[in-house]
Amino acid sequence: MKQTHSFQTEVKQLLQLMIHSLYSNKEIFLRELISNAADACDKLRFESLNDASLLGDDAQFRITVTADAEAKTVTVSDNGIGMNEADVIEHLGTIAKSGTKAFLEKLTGDDKKDANLIGQFGVGFYSAFIVADRVTVESRKAGVAENEAVRWVSAGDGEFTVEPISKATRGTDVILHLKEDEKDLLSDWTLRRIVTTYSDHISVPIYMKKAPEYDEEGNVKSSDELEVVNQAQALWQRPKNEITAEQYQTFYRHVAHDYDDALAWTHFRVEGRHEYTGLLYVPKHAPFDLYEREQKHGVQLYVKRVFIMDDAKKLMPSYLRFIRGVIDSSDLPLNVSREILQESRDLDAIRAGSVKKVLSLLEDLKKNQPEKYTEFWQVFGNTLKEGIAEDYNNKDKIAGLCRFASTHNDSSEQNVTLADYIGRMKEGQEKIYYITADSYAAAKNSPHLEIFLKKGVEVLLLTDRVDEWVVNSLPEFDGKALVSVAKGSLDLGNLADEEEKAAQAKTEEDNKDLVELIKTALGDKVDAVRATARLTESPACLVVGEHDMSQHLARMLEASGAAGQIPHSKPTLEINPEHPLIKKIAGEQDETQRNELAELVYDQALLAEGGKLENPAAFVKRMNHLLLTLNQ
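Every number in my numbering is 47 more than the matching position in the sequence shown, counting from 1.
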């Protein structure tokens with residue numbers, strides 16, 4: 048019995064986009080339908096490993112593309128997994144809302160780019176409505192009887208019908224009833240050209256009518272014979288010297304569902320104890336779900352050229368989740384499951400080897416194609432940095448790939464490597480100095496930098512959220528300790544001469560009484576107060592203990608709702624005895640006025656750190672009172 052259903056709201060939006068947009072690249076509809084057909088074959092190939100009866104007497108997978116000039120239809124058929132009524136309603140009537148929303152947000156107004164976004168967000172089937180005013184889908188799921196097949200029909204008008212039918216063979220036929228102005232697609236030559244352009248790499252054979260032959264008098268010999276029109280060989284299994292750059296890029300667009308070319312790729316074969324082949328790509332653009340918790344990794348797992356799964360998270364660590372491509376193993380069992388993968392030592396070895404290949408590719412880009420590497424870093428730098436905390440075995444290699452802003456440059460551009468920094472270190476300098484902050488402006492203008500700027504010592508300016516985890520996981524690089532300029536007492540090591548050390552000791556001795564007065568005024572707001580030579584222009588700054596959590600990290604955790612996990616530690620207020628405001632405190636006889644000045648200095652130091660005042664209204668009131676009093 049025929050039933051009528053309404054499309055999900057998001058699908059209606061997509062259909063309107065497909066039907067009414069004048070895309071300059073309409074041909075992608077065939078690429079998407081063939082890609083879906085190949086996926087259906089891959090799924091059945093995998094299911095048949097556990098249940099060979101699903102294949103029946105039809106074990107050779109194939110896709111067929113035919114045109115019927117009389118009926119004005121183009122049909123894409125496969126003998127893959129097929130669908131039942133529930134599958135058809137689920138897969139052809141709804142789309143994940145997050146994917147649809149992201150798809151619509153990505154639209155640029157550029158016909159070609161917008162059309163090529165279709166596959167990236169799992170909405171490829173609906174591209175059929177670019178060229179068809181009605182679409183019929185007839186499908187029979189593998190393992191069910193002929194009379195349990197289903198027909199789905201829609202004109203893209205907000206509704207679709209579903210009814211039971213009989214179908215002699217398993218799999219799916221997608222029948223496009225072409226629009227009046229799409230008659231050129233009824234030409235076998237046109238369809239063949241589209242297939243060889245966009246789908247030559249598909250490993251399932253694609254059949255079309257054999258090209259016409261002519262007799263001696265020039266008449267066409269009629270023939271319904273079919274022939275394979277694509278390479279029908281897994282691209283990654285072919286020798287590298289037989290694959291063109293365009294073929295690599297075409298395969299990338301297929302495997303990544305991307306609308307643009309890849310930035311770079313690595314194609315490798317590993318032999319020995321573990322044998323596997325990989326073809327891995329670095330995209331130019333971040334996937335729309337790069338920072339989502341449920342983001343899917345983009346590496347597909349094959350075993351002996353049999354597709355196993357396309358979200359094999361264990362093949363790539365989280366910090367390389369942007370990598371797209373294929374790993375084909377000769378060692379894993381064909382009936383491998385996600386649960387088995389979690390315990391597989393063979394997969395651990397494959398993952399470790401593949402990660403090294405990706406990192407080597409990035410090192411090669413950094414060394415030999417710096418412009419491309421800059422392009423990569425601007426998109427994926429933050430994600431790669433996560434590896435310093437996640438991947439102990441490769442953290443030094445990853446750290447060497449990282450780039451940072453620093454006081455060496457006048458811009459916020461991250462173009463300084465740790466090797467660059469070490470190469471510019473001052474004579475006698477033994478440490479790599481850095482500061483973390485909420486923004487480049489906050490880091491660059493921090494009071495903590497003053498003595499380092501005076502001495503011409505470079506300081507890394509770390510302002511990405513991940514940087515706190517980076518420095519906590521990287522105590523040293525190339526034998527040089529990483530040290531925060533906002534932690535612990537100032538220790539310049541060999542950068543400070545004996546005269547400067549003596550002057551610092553004298554400053555501390557001469558200002559003991561002042562330090563005690565300010566500590567009394569601030570009470571338990573601070574752990575201690577000390578005079579310092581760290582400052583040259585500012586009156587004061589706040590520092591934490593060498594092994595305490597930075598104030599920047601504490602603020603990040605607090606903002607994320609993890610305030611209860613923050614270890615309680617009070618900062619130390621360091622003062623600049625030469626600053627006029629500190630001298631004013633030292634000379635002030637009125638205790639109330641002196642205490643207010645000390646509070647003001649503390650609040651200023653807190654604000655300079657990017658901190659949050661506990662009582663902003665009291666700060667404003669105190670500042671106004673002092674301004675009026677000091678001007679009298």
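For glycine and all other residues, C-beta sits at the position ideal for the given N, C-alpha and C.
Could you check whether lysine 90 and methionine 130 sit closer than 7 Å to each other, using their CB atoms as the reference points? The residue labelled residue 130 in the question sits at position 83 within the sequence shown. The residue labelled residue 90 in the question sits at position 43 within the sequence shown. Not a contact, by the Cβ cut-off of 7 Å.
Output needed for arginine 454: all residues of its chain with C-beta closer than 6 Å, excluding positions within five of it in sequence on either side, in chain order. Residue numbering aside, residue 454 sits at position 407 when the sequence shown is read from its first letter. Rather than arginine, the amino acid found at residue 454 in this sequence is threonine. Cβ neighbours of threonine 454 beyond the five flanking positions: Glu505, Val506.
Under 7 Å, do proline 618 and leucine 589 count as touching if we go by C-beta distance? Within the sequence shown, the letter at position 571 stands for residue 618. Within the sequence shown, the letter at position 542 stands for residue 589. Yes; because the gap between Cβ atoms is below 7 Å, this pair is in contact.
Can at least three beta-carbon pairs, one atom from the stretch 74-88 and one from the stretch 241-250, be found at a separation below 8 Å? yes
Using beta-carbon positions only, say whether threonine 291 and lysine 404 come within less than 7 Å of one another. Within the sequence shown, numbered from 1, the residue matching residue 291 stands at position 244. Within the sequence shown, numbered from 1, the residue matching residue 404 stands at position 357. Cβ atoms of threonine 291 and lysine 404: not closer than 7 Å.
What residue does the beta strand (DSSP E) around proline 330 start on, and which one ends it? Locating residue 330 in the sequence shown gives position 283, where the first residue counts as 1. Its beta strand (DSSP E) spans residues 323-330.
Outcome for tryptophan 236 when other beta-carbon atoms lying within 10 angstroms are tallied against a minimum of 16: As a first step, residue 236 must be located in the sequence shown, where it is residue number 189. Exposed is the call here.
Is valine 591 buried or exposed, if buried means 16 or more other CB atoms sit within 10 Å of its CB? For the purposes of this step, residue 591 is taken as residue 544 along the sequence shown, with counting starting at 1. Valine 591 comes out buried.
Three-state secondary structure (DSSP) of valine 506: As a first step, residue 506 is located in the sequence shown; it is residue number 459 there, counting from the start. Three-state DSSP puts valine 506 in coil, outside helix and strand.
Measure the C-alpha to C-alpha separation of serine 124 and phenylalanine 108 and round it to an integer number of angstroms. Working through the sequence shown from its first residue, we reach residue 124 at position 77. Working through the sequence shown from its first residue, we reach residue 108 at position 61. Spanning the two alpha carbons is a distance of roughly 11 Å.
According to DSSP, arginine 577 sits in a beta bridge with which residue or residues? On the sequence shown, residue 577 is found 530 positions in, with the first residue counted as 1. BP columns for arginine 577 point to Glu621.
Local Cβ density within 10 Å of glutamate 661, reported as buried at 16 or more and exposed below that: Locating residue 661 in the sequence shown gives position 614, counting from the first residue. By the neighbour-count rule (16 or more Cβ atoms within 10 Å), glutamate 661 is not buried but exposed.
Mind checking histidine 495: buried by the 16 CB within 10 Å criterion, or exposed? Translated into positions along the sequence shown, residue 495 becomes position 448. When all chains shown are included, histidine 495 counts as buried.
Considering only residues of the same chain and omitting the five flanking positions on each side of isoleucine 212, which have a CB-CB separation below 7 Å? Along the sequence shown, read from residue 1 onward, the residue named residue 212 stands at position 165. Cβ neighbours of isoleucine 212 beyond the five flanking positions: Glu185, Ala196, Val197, Arg198.
How many angstroms separate the CA atom of leucine 69 from the CA atom of isoleucine 177? Reading the sequence shown from its first residue, position 22 is the one you call residue 69. Reading the sequence shown from its first residue, position 130 is the one you call residue 177. With a pLDDT of only 47 at leucine 69, under 50, the local geometry of the prediction cannot be trusted, and no value is derived from it.
Comparing C-alpha positions only, which one of Asp228, Ala396, Glu638, Asp271 sits nearest to isoleucine 318? Counting from one through the sequence shown, the residue named residue 318 turns up at place 271. Just to set this straight, residue 318 is glutamate in the shown sequence, not isoleucine. Ranking the options by Cα distance to glutamate 318, first place goes to Ala396.
In three-state terms, what does DSSP make of isoleucine 445? Numbered from 1 along the sequence shown, position 398 holds the residue referred to as residue 445. Helix.
Three-state secondary structure assigned by DSSP to lysine 351: Numbered from 1 along the sequence shown, position 304 holds the residue referred to as residue 351. Coil at lysine 351, not helix or strand.
Counting along the chain, where does the beta strand (DSSP E) carrying leucine 273 start and finish? The residue given as residue 273 occupies position 226 in the sequence shown. From DSSP, the beta strand (DSSP E) with leucine 273 extends over 273-275.
In the DSSP assignment, what are the bridge partners of threonine 216? Counting from one through the sequence shown, the residue named residue 216 turns up at place 169. Answer by DSSP bridge pairing: none, since threonine 216 is not bridged.
Spatial neighbours of isoleucine 241 within its chain, please: CB distance less than 8 Å, with the 5 preceding and 5 following residues excluded, ordered by chain position. The sequence position of residue 241 within the sequence shown is 194, counting from 1. Glu74, Leu77, Arg78, listed in sequence order.
Rounded C-beta distance between glutamate 565 and isoleucine 479? I'm assuming under 8 Å. Position 518 of the sequence shown holds residue 565. Position 432 of the sequence shown holds residue 479. The sequence given here places isoleucine at residue 565; glutamate does not occur at that position. 32 Å between Cβ atoms; not a contact.
My assumption, with CB atoms under 8 Å, is that valine 373 sits in contact with glycine 325. Please give the rounded CB distance. Within the sequence shown, numbered from 1, the residue matching residue 373 stands at position 326. Within the sequence shown, numbered from 1, the residue matching residue 325 stands at position 278. With a Cβ gap of about 7 Å, valine 373 and glycine 325 count as contacting.
Using 10 angstroms around the beta-carbon of methionine 48, count the other beta-carbons present and answer buried if the total reaches 16, otherwise exposed. Residue 48 sits at position 1 when you count from the first residue of the sequence shown. Classification for methionine 48: exposed.
Using 7 Å as the threshold, is the C-beta distance between alanine 533 and threonine 510 below it? Numbered from 1 along the sequence shown, position 486 holds the residue referred to as residue 533. Numbered from 1 along the sequence shown, position 463 holds the residue referred to as residue 510. Contact: no.
Taking the alpha-carbon positions, what's the alanine 143 to aspartate 115 distance? Looking up residue 143 in the sequence shown gives position 96. Looking up residue 115 in the sequence shown gives position 68. Summary for alanine 143: the model assigns pLDDT 48, below 50, so the residue's position carries little reliability, and this model does not support an answer.
Starting from leucine 660 and walking both ways along the beta strand (DSSP E), at which residues does that stretch end? Counted from its first residue, the sequence shown places residue 660 at position 613. Careful: leucine 660 lies outside any beta strand (DSSP E) and carries neither H nor E.
To the nearest angstrom, how far is it from the Cα of glycine 218 to the Cα of asparagine 126? On the sequence shown, position 171 is the one that residue 218 refers to. On the sequence shown, position 79 is the one that residue 126 refers to. Near 4 Å, if we compare the C-alpha coordinates of asparagine 126 and glycine 218.
Distance check for leucine 406 and proline 663, CA to CA, integer angstroms please. Within the sequence shown, the letter at position 616 stands for residue 663. Within the sequence shown, the letter at position 359 stands for residue 406. Approximately 48 Å between the Cα atoms of the pair.
Can you tell me the Cβ-Cβ gap for aspartate 308 and glutamine 296, rounded? I've got them flagged as a contact below 8 Å. Walking along the sequence shown from the start, residue 308 turns up at place 261. Walking along the sequence shown from the start, residue 296 turns up at place 249. Confirmed, Cβ separation roughly 5 Å.
With DSSP as the reference, please indicate the residues paired to leucine 225 in a beta bridge. Your numbering for residue 225 matches position 178 in the sequence shown. Looking at the DSSP assignment, leucine 225 forms a beta bridge with Ala179.
Which of helix, strand or coil does DSSP assign to phenylalanine 451? To locate residue 451, count along the sequence shown from 1; it is residue 404. Phenylalanine 451 falls in the strand class under three-state DSSP.
Alpha carbon of phenylalanine 298 to alpha carbon of serine 377, nearest angstrom: As a position in the sequence shown, residue 298 is number 251, starting the count at 1. As a position in the sequence shown, residue 377 is number 330, starting the count at 1. Those two C-alpha atoms are separated by around 22 Å.
Valine 121 by DSSP, collapsed to three states: which one? Residue 121 sits at position 74 when you count from the first residue of the sequence shown. If DSSP states are grouped into helix, strand and coil, valine 121 belongs with the strands.
For leucine 62 and isoleucine 249, the rounded distance between their alpha carbons: One-based indexing of the sequence shown puts residue 249 at position 202. One-based indexing of the sequence shown puts residue 62 at position 15. Roughly 27 Å between the two C-alpha positions.
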